[in-house]
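Enquirer: Quick one: structure below, then a few questions.
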Amino acid sequence: MFKKNIVCSLLLAFAIIAVTSPTATEATYEVNLLRLRSEPAALLRQSQNTFIQWVLSLLPNRPNIFGVPASTTTTSPDGLTSTTELPPAPQPATATPAPVPITSTTLQPTTPTPPSTTAVPTTSSTVAPSTTPAPPPIVLNPPRNCTECVCGIANTQKRIVGGQETEVHQYPWMAMLLYGGRFYCAASLINDQFLITASHCVYGFRKERISVRLLEHDRKMSHFQKIDRNVVNITTHPKYNARTYDNDIAIIQLDKPVEMTELLHPVCMPTPGKSFKGETAIVTGWGAIKVGGPTADTLQEVQVPIMSQEECRKSRYGATRITDNMLCAGFDEGKKDSCQGDSGGPLHVVAPGTREHQIAGVVSWGEGCAKSGFPGVYARVNRYGTWIKTVTRNACLCHSETKKIKKF
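Set out below in structure tokens:
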């Protein structure tokens, strides 16, 4: 009977090992079973307590719920045993519910919603959303001795249609950019110290070699009233992309101001937020008359219609190449366009009911010149009003013709 109890105890111990050690390997079970089979005599001689302790010593360590033992036991060579607590395993982040206030609090949604007609309880309070404070207004700091001037008035009202020569000094804000003394791009005077041009006309160029010429008409026969200035600073738009020509706009600062006169005055800045869709615009420059041809000796102008963004994105350029910072102008069948050498020059519109010329665009890029399905692409100037104000805040400003709005 005693032997039968011992055998039952052995089977029970083996069952305990199998049940309480689900993570042990089959090799561990086999080793424990061999030990039980090889030591039957010793087991018979042990007391019940000693036998239970011996069986428990055969059980493999059981991991805690995080997969690692809660502590490790180390036996030193001198027989002393020390227990080292392991740091707790990382716990997944859990959300702790915030205490519920006594009064209900209504948070304003990010997107405005129509006002509710439901009466609000007297215990309810409204928490305004946390908003980023608006940037401080741009402080303009023009010199005190600025001359009163008017922007955007052409020196003649003669209108030439079809890509022909302008009158001498018809567009007094027109400027030539010279590199090492040779013409290569155009620009527009916007006040007494600064001009707007295309970033691709100045990006990567040495400003020491760039000069600006104003009141020029015929490149072969310099006018006696021409004004030359060196360049003290060039600011390309911080997000200009030389690969896609996005944000293709830059500001040039002259080494010294020019005097505003009846003959010389700046172009007006465009109406903010206006698309100019369907308006007739005027492009001026000394660019090539045709693709691959020589640049013009005298200042030329051409009239082109401004397209909507949707129309331009349906052109052969495709939708992805035309960004919101670009403006397209030209005819579906080609005919007229800006061309090489016109880069950086202005695309003007005349404000309705006035003589005020506004610079709606800066000549940027295009596929060929007057090529069917490929309109001219311009930097959309009224997308950059704040940036232009910031860069040119120390300049003398000119008024629009009506003097109701001070142009920057």
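Residues -27 to -1, 1 to 381 in mature numbering (1 follows the signal peptide of the UniProt record, and there is no 0) are what the sequence shown lists, from first letter to last. C-beta atoms are modelled at their ideal positions from N, C-alpha and C, and glycine is treated no differently. Keep in mind that this is a model prediction, so the values were computed, not measured.
Where are the beta strand (DSSP E) runs, 3 residues long or more, that stay fully inside the stretch 165 to 191, in chain order?
Expert: With a minimum length of 3 residues, the continuous beta strand (DSSP E) runs that stay inside the stretch 165 to 191 are 167 to 170 and 183 to 187.
Enquirer: Quick one: is the Cβ of V205 within less than 7 Å of any heavy atom of the ligand PLP?
Expert: As far as ligands go, the structure on display features none, and thus does not contain the ligand PLP.
Enquirer: Can you give the Cα-Cα distance for I262 and S316, rounded to whole angstroms?
Expert: So the alpha carbons of these two residues sit roughly 13 Å apart.
Enquirer: How would you call Q64, buried or exposed, if buried means at least 16 neighbouring beta carbons within 10 angstroms?
Expert: Residue placement at Q64 is poorly supported in this model, since its pLDDT is 32, which falls under 50; the coordinates are not used for a value here.
Enquirer: For the alpha helix (DSSP H) that contains E283, what are its first and last residues?
Expert: Element bounds for E283: Q282 to R286.
Enquirer: Using the three-state DSSP reduction, which class does V364 fall into: helix, strand or coil?
Expert: In the structure shown, V364 sits in a helix (DSSP, three-state: H, G or I).
Enquirer: Specify whether the stretch 251 to 260 and the stretch 213 to 220 touch according to this definition: at least 3 beta carbon pairs, one from each stretch, less than 8 Å apart.
Expert: Short answer: they don't touch.
Enquirer: Please report the straight-line C-alpha distance between I295 and T253, rounded to a whole angstrom.
Expert: Roughly 20 Å separates the two Cα atoms.
Enquirer: With a threshold of 6 Å on Cβ separation, who are the neighbours of T120 within its own chain once the five nearest residues in sequence on each side are excluded?
Expert: Here the set comprises M233.
Enquirer: Could you name the residues of the same chain whose beta carbon sits closer than 6 Å to that of L187, not counting the 5 residues immediately before and after it, in chain order?
Expert: Counting only Cβ-Cβ distances below 6 Å, and skipping sequence neighbours, we find A148 and I200.
Enquirer: Leaving aside the five residues before and after E189 along the sequence, list all residues of the same chain whose C-beta is less than 7 Å from its C-beta, in chain order.
Expert: Answer for E189: M149, S195, H196 and K199, listed in chain order.
Enquirer: Three-state secondary structure (DSSP) at T253?
Expert: In the structure shown, T253 sits in a strand (DSSP, three-state: E or B).
Enquirer: For the putative contact between residue 383 and G349, defined by C-beta atoms under 8 Å, what is the C-beta separation to the nearest angstrom?
Expert: The chain is shown only over -27 to 381; residue 383 falls outside these bounds and no answer can be derived.
Enquirer: Looking at the structure shown, is G317 part of a helix, part of a strand, or coil, going by DSSP?
Expert: Of the three classes helix, strand and coil, the one that applies to G317 here is coil, per DSSP.
Enquirer: Look at the alpha carbon of L370 and the alpha carbon of Q166, and state the distance between them as a whole number of angstroms.
Expert: Looking at the two C-alpha atoms, the distance is approximately 10 Å.
Enquirer: Taking the CB atoms as reference points, tell me whether A352 and S373 lie closer together than 8 Å.
Expert: Not closer than 8 Å, so no.
Enquirer: G358 by DSSP, collapsed to three states: which one?
Expert: Looking at G358 - three-state DSSP - the assignment turns out to be helix.
Enquirer: Given I207, which residues of its chain have a CB within under 7 Å of its CB, disregarding the five upstream and five downstream residues?
Expert: Closer than 7 Å at the Cβ level, and outside the excluded window around I207, lie V175, K180, A223 and I225.
Enquirer: Using beta-carbon positions only, say whether S281 and S311 come within less than 8 Å of one another.
Expert: No, they are not a contact pair.
Enquirer: Are the beta-carbon atoms belonging to V277 and G318 less than 8 Å from one another?
Expert: No, these two residues do not count as a Cβ contact at 8 Å.
Enquirer: Since V335 is in the beta strand (DSSP E), which residue starts that stretch and which ends it?
Expert: H330 to W338 is the span of the beta strand (DSSP E), which, as asked, contains V335.
Enquirer: Can you find a CB in chain C that lies within less than 8 Å of the CB of E189?
Expert: Structure shown: chain C not included; a single protein chain is present.
Enquirer: Let me know if P13 comes out buried or exposed under the rule of 16 or more other beta-carbons within 10 Å of its beta-carbon.
Expert: In this predicted model, P13 has a pLDDT of only 46, less than 50, meaning its place in the structure is not dependable; the value taken from the coordinates is given anyway. Looking at its Cβ environment, which holds fewer than 16 other Cβ atoms inside 10 Å, P13 is exposed.
Enquirer: Identify which residue in V123, Y357 and K362 has its Cα closest to the Cα of E235.
Expert: That would be V123, whose Cα lies nearest to the Cα of E235.
Enquirer: Return the Cβ separation of A127 and Q143 in integer angstroms, given the expectation that the two are a contact with Cβ distance under 8 Å.
Expert: The pair is a contact, with the Cβ atoms about 5 Å apart (cut-off 8 Å).
Enquirer: Count the other C-beta atoms from every protein chain shown that fall within 10 angstroms of the C-beta of V205, then say buried if there are 16 or more, exposed otherwise.
Expert: Classification for V205: exposed.
Enquirer: Taking the C-alpha atoms as reference points, what is the distance between P325 and M242?
Expert: Their Cα atoms are separated by approximately 14 Å.
Enquirer: Would you say N164 and A333 are within 8 Å of each other, going by their C-beta atoms?
Expert: Their beta carbons are not under 8 Å apart, which means N164 does not touch A333 by this criterion.
Enquirer: State the CB to CB distance for the pair F347 and R289, rounded to an integer number of angstroms; the pair is presumed to be in contact (CB under 8 Å).
Expert: Between R289 and F347 the Cβ distance is about 6 Å, and since that is below 8 Å, they are a contact.
Enquirer: Have a look at V240 and S161 and give me their C-alpha separation to the nearest angstrom.
Expert: One C-alpha to the other measures close to 7 Å.
Enquirer: Taking only three categories from DSSP, how would you classify L227?
Expert: Strand, per DSSP.
Enquirer: Identify, in the order they occur along the chain, each residue of the same chain with its Cβ nearer than 6 Å to the Cβ of R182, setting aside the five sequence neighbours on each side.
Expert: Excluding positions up to five away in sequence, the list reads Y152 and G153.
Enquirer: For a test of the three-state rule: what should DSSP assign to H372, helix, strand or coil?
Expert: Strand at H372.
Enquirer: On the premise that V354 lies in contact with V335, defined as a C-beta separation below 8 Å, what is that separation, rounded to the nearest angstrom?
Expert: Yes, they are in contact, since the Cβ atoms of V335 and V354 sit about 6 Å apart, within 8 Å.
Enquirer: Measure the C-alpha to C-alpha separation of I361 and T217 and round it to an integer number of angstroms.
Expert: Cα to Cα, I361 sits roughly 21 Å from T217.
Enquirer: Tell me which residues share the same chain as R356 and place their Cβ nearer than 6 Å to its Cβ, disregarding the 5 neighbours each side in the sequence.
Expert: Counting only Cβ-Cβ distances below 6 Å, and skipping sequence neighbours, we find N298.
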